[in-house]
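Since the structure comes first, as structure tokens, the remarks are kept for the end.
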Amino acid sequence: QLFSAAEIAQMKNIEDAKRLQEEKQKLQDTSLENEFDLANENDLLEWSRSDSPVRMYLREMGQIALLNKDEEIEISKKIELGEDIIIDAFCSVPYLIDFILDYKEPLINRERRVKELFKSFDDEEKSDDKLDELDIDEDEENETELESDEEN
Numbered sequence: 086q087l088f089s090a091a092e093i094a095q096m097k098n099i100e101d102a103k104r105l106q107e108e109k110q111k112l113q114d115t116s117l118e119n120e121f122d123l124a125n126e127n128d129l130l131e132w133s134r135s136d137s138p139v140r141m142y143l144r145e146m147g148q149i150a151l152l153n154k155d156e157e158i159e160i161s162k163k164i165e166l167g168e169d170i171i172i173d174a175f176c177s178v179p180y181l182i183d184f185i186l187d188y189k190e191p192l193i194n195r196e197r198r199v200k201e202l203f204k205s206f207d208d209e210e211k212s213d214d215k216l217d218e219l220d221i222d223e224d225e226e227n228e229t230e231l232e233s234d235e236e237n
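This note's numbering puts the first residue of the sequence shown at 86, with every later residue one more than the last.
Below you can see the structure in the form of structure tokens.
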């Protein structure tokens, strides 16, 4: 077959167009893959920079070294020393001696903690305050009754 120059040019243009189309498609595919990876990286970066308090806390806690056995022992000794100091301070207040004697053995044997002593003391104070309020209310009622009796 004989082709004219115009037909040959047209066939070359068609082949070039197909080749360009295929190259464009390949570039788009690779760019989509790159965009997908970039999206994943952006998601990871976004996650790592998140303002979520829990994530921030976990990230910070992951950077802190854990205690070894010696450090744990040292800290527990400091806690016990602090509790002993608090007990000594409590014992130096005469008003609290009866209260402390109730808890003497459990505290010495470390069956109870000093913190529980504070809670118990606080609870007793609240119950005393409630009793005082009840007494005041009863006194007011009695006074009101007396006044009404006096008026009659």
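Using N, Cα and C, we set each Cβ at its ideal position, and we do this for glycine too.
Beta-carbon contacts of I182 that lie in its chain and below 8 Å, excluding the five residues immediately before and after: As a working note, residue 182 is residue 97 in the sequence shown. Here the set comprises C176.
I172 versus D136 - alpha carbon distance: Here residue 172 is taken as the residue at index 87 of the sequence shown, counted from 1. Here residue 136 is taken as the residue at index 51 of the sequence shown, counted from 1. Going from the Cα of I172 to the Cα of D136 covers about 44 Å.
Length of the line joining the Cα atoms of E201 and Y180: Translated into positions along the sequence shown, residue 201 becomes position 116. Translated into positions along the sequence shown, residue 180 becomes position 95. Rounded to the nearest angstrom, the two C-alpha atoms are 18 Å apart.
Entirely enclosed alpha helix (DSSP H) segments - the region 138-191, minimum 4 residues: 138-147, 154-176 and 182-187
With 16 other Cβ atoms within 10 Å as the buried cut-off, status of L87: Position 2 of the sequence shown holds residue 87. The residue in question, L87, is exposed, as its Cβ has fewer than 16 Cβ neighbours within 10 Å.
Member of E92, V199, R140 and K204 whose CA lies at the smallest distance from the CA of L166: Within the sequence shown, numbered from 1, the residue matching residue 166 stands at position 81. Of E92, V199, R140 and K204, the residue nearest in Cα terms is V199.
L87, DSSP secondary structure in three states: If you number the sequence shown from 1, residue 87 lands on position 2. L87 falls in the coil class under three-state DSSP.
8 Å Cβ cutoff met for Y188 and R197: The sequence position of residue 188 within the sequence shown is 103, counting from 1. The sequence position of residue 197 within the sequence shown is 112, counting from 1. Cβ atoms of Y188 and R197: closer than 8 Å.
Sequence-distant residues of the same chain with beta carbon closer than 8 Å to K162, five excluded per side: For the purposes of this step, residue 162 is taken as the residue at position 77 of the sequence shown. Here the set comprises nothing.
Where L192 falls, given that 16 or more other Cβ within 10 Å makes a residue buried: Stepping through the sequence shown from its first residue, residue 192 is reached at position 107. The residue is buried, with at least 16 neighbouring Cβ atoms inside 10 Å.
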